[in-house]
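Going left to right, the sequence shown walks through residues 246 to 464 as the numbering used here numbers them.
Backbone N, C-alpha and C fix where the C-beta goes; we use that ideal spot for every residue, glycine too.
The structure displayed is predicted, hence computed values, not measured ones.
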Amino acid sequence: MTDHDHHGHDHDHDHGERYTGDFDEMAKTWDADPAKVERARIVGALLPQRLDLGPTARVFEYGAGTGLVSQVLAPHVGPLTLADPSEGMRAAMAAKVADGTLPAGTTIVATNFDAEAPGDDRFDLVVTVQVMHHVADLAPVLAAFATILEPGGHLAIVDLEAEDGSFHGDGFGGHHGFHRPELQAQIEAAGFTDVRFEHAYDLEKDGHAFPLFLALATR
246 MTDHDHHGHD HDHDHGERYT GDFDEMAKTW DADPAKVERA RIVGALLPQR LDLGPTARVF
306 EYGAGTGLVS QVLAPHVGPL TLADPSEGMR AAMAAKVADG TLPAGTTIVA TNFDAEAPGD
366 DRFDLVVTVQ VMHHVADLAP VLAAFATILE PGGHLAIVDL EAEDGSFHGD GFGGHHGFHR
426 PELQAQIEAA GFTDVRFEHA YDLEKDGHAF PLFLALATR
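Structure (structure tokens):
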């Protein structure tokens with residue numbers, strides 16, 4: 246799989262800063278990138294194979310972008326809540342709800358757990374794809390995920406394996422991927438159990454393959 250983004254991330258978040266208009270503008274052509282569509286297809290198909298979800302499962306996707314992953318996941322689950330701080334991305338998702346690409350009744354929110362506490366809604370699955378390596382302090386975000394999940398609910402994180410910094414290049418302020426044992430310890434510290442990892446897919450960028458993992462955990 247190739248990825249021609251400068252960052253190669255499903256939403257190019259930098260959670261240390263507020264969104265600029267660049268991301269709002271990018272939302273207009275986001276789905277035109279076949280790499281984004283393909284990785285959403287892979288992740289959206291993998292989760293129902295690994296987890297016992299079902300047609301009533303309440304799903305929260307964090308950093309959902311234009312909702313590509315949830316589009317694939319939707320036939321396998323119940324109500325969707327899609328969170329993204331970019332107004333343009335939220336508008337793209339709203340348009341998909343209007344035209345039926347995303348299910349009617351999908352909830353779209355601007356939630357950013359870097360800056361706000363979780364609300365009262367509860368979910369059976371939290372999904373986040375290539376977002377966490379942009380989160381400076383994982384602890385409060387993971388704790389928020391634990392809070393919004395029902396007991397027995399699942400967390401699914403797709404992100405970069407630890408790499409040498411070449412994926413983003415100079416000046417990137419986030420994590421250069423994750424070492425699995427270190428991330429597992431942080432997930433467990435947030436209150437999760439049964440943490441397990443597997444290879445999800447490879448991103449091709451500038452002639453190099455960057456592996457991404459799927460981490461699953463139970464609340």
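Check the DSSP bridge columns for residue i and list the partner residues they point to.
i	result
H399	L370 and T463
L448	F455
H353	The question names His, yet the displayed sequence has Ile at residue 353. According to DSSP, which records beta bridges pairwise, I353 is partnered with L327.
R441	L461
V304	L325 and L370
What separation, rounded to the nearest whole angstrom, lies between the Cα atoms of residue i and residue j?
i	j	result
E262	G436	Residue confidence is low: E262 scores 41 on pLDDT, short of 50, so the model does not pin down where it sits. No coordinate-derived value is stated.
S315	H399	15 Å
L403	A302	Note that residue 403 is Val in the sequence shown here, rather than Leu. The alpha-carbon atoms of V403 and A302 are separated by roughly 19 Å.
H424	L347	34 Å
P426	F442	10 Å
E271	R464	Reading off the sequence shown, one finds Met at residue 271, where the question assumed Glu. Straight-line Cα distance between these residues: approximately 35 Å.
P363	D447	32 Å
K273	L461	31 Å
E332	D269	6 Å
A337	A328	12 Å
P396	Y307	19 Å
L298	A319	11 Å
L325	A445	22 Å
D406	L296	According to the sequence displayed, residue 406 carries Glu and not Asp. So the two alpha carbons sit approximately 22 Å from each other.
L394	A360	19 Å
G350	L459	28 Å
D365	D276	32 Å
V374	V304	14 Å
G345	A339	10 Å
A391	P293	20 Å
A280	G422	19 Å
Using the beta-carbon count (16 or more within 10 Å), is residue i buried or exposed?
i	result
D255	Note that D255 scores a pLDDT of 44, beneath 50, so its modelled location is shaky and nothing firm can be said.
P330	buried
A309	buried
A401	buried
T438	exposed
A285	buried
H378	buried
D369	buried
A516	Residue 516 is absent from the structure shown; the chain starts at 246 and stops at 464.
G289	buried
Is residue i near the ligand COA, judged by its Cβ being under 7 Å from some heavy atom?
i	result
F442	Looking for the ligand COA in the displayed structure turns up nothing, as the structure carries no ligands at all.
Per DSSP, what kind of secondary structure is residue i in: helix, strand or coil?
i	result
D297	coil
D267	helix
D481	Here the chain has residues from 246 to 464 only, and residue 481 is not among them.
F390	helix
L405	strand
V342	helix
E427	helix
A435	coil
P348	coil
E361	coil
G253	Only weak support is given to the placement of G253: the predicted model assigns it a pLDDT of 38, under 50, and the question is left unresolved by the model.
Q316	helix
A309	coil
V376	coil
A336	helix
A290	helix
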